[in-house]
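Chemist: Following this message is one structure expressed as structure tokens.
2 protein chains.
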Amino acid sequence: MLRISKFTDYGTVILALMADNPASTHSAASIAQQVGLPGSTVSKLLKMMNRSGLLTSCRGKQGGYSLAKAPQEISLADVVEALEGPFGVTECSRQNGLCQLEERCAIRHQWQGVNGVIHNALQQVSLAALQQPSTVTGAPDFKANA
Amino acid sequence: MLRISKFTDYGTVILALMADNPASTHSAASIAQQVGLPGSTVSKLLKMMNRSGLLTSCRGKQGGYSLAKAPQEISLADVVEALEGPFGVTECSRQNGLCQLEERCAIRHQWQGVNGVIHNALQQVSLAALQQPSTVTGAPDFKANA
DNA sequence: TAATACAGTACCAGTATAGTCCTATATTGA
DNA sequence: TCAATATAGGACTATACTGGTACTGTATTA
Chain A
1 MLRISKFTDY GTVILALMAD NPASTHSAAS IAQQVGLPGS TVSKLLKMMN
51 RSGLLTSCRG KQGGYSLAKA PQEISLADVV EALEGPFGVT ECSRQNGLCQ
101 LEERCAIRHQ WQGVNGVIHN ALQQVSLAAL QQPSTVTGAP DFKANA
Chain B
1 MLRISKFTDY GTVILALMAD NPASTHSAAS IAQQVGLPGS TVSKLLKMMN
51 RSGLLTSCRG KQGGYSLAKA PQEISLADVV EALEGPFGVT ECSRQNGLCQ
101 LEERCAIRHQ WQGVNGVIHN ALQQVSLAAL QQPSTVTGAP DFKANA
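Here it is as structure tokens:
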């Protein structure tokens, strides 16, 4: 299924919330309360995004998580890769050698092109853009060069 | 995971093969032999794509499957929808009422925008384009209207 | 030193995926 | 009419992934 996981979806919701106050630190509990998700789930997500470098963390009283970069500098592609691993809409666009059809596949390069277009689309949407009423629009631009 | 299923991947390979000879009928067995996939799997895929209206079928001797439309008129979006159901990269862009966060989600409309961009990208790649050496390129066009 | 909050990991249930198999039905040609 | 071919429609299985929970450990602060 061409769909992001719920975790990634939740991740973007959490990050968008944090982007409202990029300077302050947010505890897992307070985030969970605000987005309406189980604390354990939110905590797991925050840990994953911290390990991927999207967040910074601080333990102890007054501890919590903060954005590691400015909201303008974190894209949806970053979030997807942080929570789902290397980007790739097909087996072959993720890593060579995974697909049994690789040798005889006639359309591998075309899928890799599509992969790039979708990746690009996600890269162009930042956390800052997510906060705007309706930021994402327009159609991709394709060229038939043959 | 933002990835098409193997079935969808196989489906595009099969359709691209059929698009080489759009006029003739292809039996499941001959297709399986050519693409190097198990006959039962190919047969299942062909049945699904037939039911979705991408193919037409004919039983009996000399029977088989043919493309229901010209290769130019079948897009990757059509194939994805035929084999994976309604298009949607998030729960909320697939159908209303599926996501528990729907009420309080601040970024739902932005994701729906991203969904549209990706759908558009897939719609612009036809089976005919898949046959070309390197057809898909370019970056999507975004507008920040706020 | 106790409370707070993150770090890491293991675990479980539910669901999706990929693949196989079996029976039924339609078509064709001898 | 009969037999061979080929699709139609399922049921079924094993595996992997997903989403969610729980538990133990560690760092920070008052």
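Taken in order, these protein sequences are the chains called A and B. Counting from 1, one number per residue, gives the positions in the first sequence under the UniProt record's numbering. Counting from 1, one number per residue, gives the positions in the second sequence under the UniProt record's numbering. All C-beta atoms, glycine included, are put in the ideal place defined by N, C-alpha and C.
Can you give the Cα-Cα distance for A/L2 and A/E81, rounded to whole angstroms?
Modeler: 15 Å
Chemist: From the DSSP output, read off the bridge partner residues of A/C58.
Modeler: A/C58 is bridged to A/G64.
Chemist: A/L98 touches chain B at which residues, Cβ-Cβ below 7 Å?
Modeler: In chain order: nothing, as chain B lies at least about 10 Å away.
Chemist: Where does B/L2 sit, in a helix, a strand or coil, going by DSSP?
Modeler: strand
Chemist: The ligand SAM and A/M18: does any heavy atom of the ligand fall closer than 7 Å to the residue's C-beta?
Modeler: The model on display carries no ligand, and the ligand SAM is accordingly not part of it.
Chemist: Alpha carbon to alpha carbon, how far is B/S24 from A/C99?
Modeler: 29 Å
Chemist: Are the beta-carbon atoms belonging to A/D9 and B/T12 less than 8 Å from one another?
Modeler: no
Chemist: So for A/S75, helix, strand or coil by DSSP?
Modeler: Correct three-state label for A/S75: strand.
Chemist: Thinking just about the alpha-carbon of each residue, which of A/Y65, A/I107 and A/L76 is nearest to the one in A/K47?
Modeler: Per the Cα distances, A/Y65.
Chemist: Please confirm whether A/V42 has its beta-carbon closer than 8 Å to some beta-carbon of chain B.
Modeler: No, A/V42 lies away from the interface with chain B (no Cβ there is under 8 Å from its Cβ).
Chemist: Are there 16 or more other CB atoms within 10 angstroms of the CB of residue 196 of chain A, so buried, or fewer, so exposed?
Modeler: The question about residue 196 of chain A has no answer here: the residues shown for chain A are numbered 1 through 146.
Chemist: Could you check whether the Cβ of B/K69 sits closer than 8 Å to any Cβ belonging to chain A?
Modeler: no
Chemist: Between B/I107 and chain A, is any beta-carbon pair separated by less than 8 Å?
Modeler: yes
Chemist: Would you kindly report the start and end of the unbroken alpha helix (DSSP H) that includes B/K47?
Modeler: Judged by DSSP secondary structure, B/K47 falls within the alpha helix (DSSP H) whose first and last residues are G39 to R51.
Chemist: For A/G88, go through chain B and note every residue whose CB falls closer than 8 Å to its CB, in chain order.
Modeler: R3
Chemist: Can you pull the DSSP bridge partners for B/S126?
Modeler: B/S75
Chemist: Find the nearest neighbour of B/R59 within the set B/G36, B/I74, B/A28 and B/L83, judged by alpha-carbon distance.
Modeler: B/A28
Chemist: Here's the rule: buried if 16 or more other CB atoms are within 10 angstroms of the residue's CB, otherwise exposed. What is A/S126?
Modeler: buried
Chemist: Mark A/A70 as exposed unless 16 or more other C-beta atoms lie within 10 angstroms of its C-beta, in which case mark it buried.
Modeler: exposed
Chemist: Determine, using beta carbons only, whether B/L45 and B/F87 come nearer to each other than 8 Å.
Modeler: Judged by beta-carbon spacing, B/F87 lies beyond the 8 Å limit of B/L45, meaning their Cβ atoms are not closer than that value.
Chemist: Counting only C-beta atoms, is B/I118 closer than 8 Å to chain A at any point?
Modeler: A Cβ of chain A is located within less than 8 Å of the beta carbon of B/I118.
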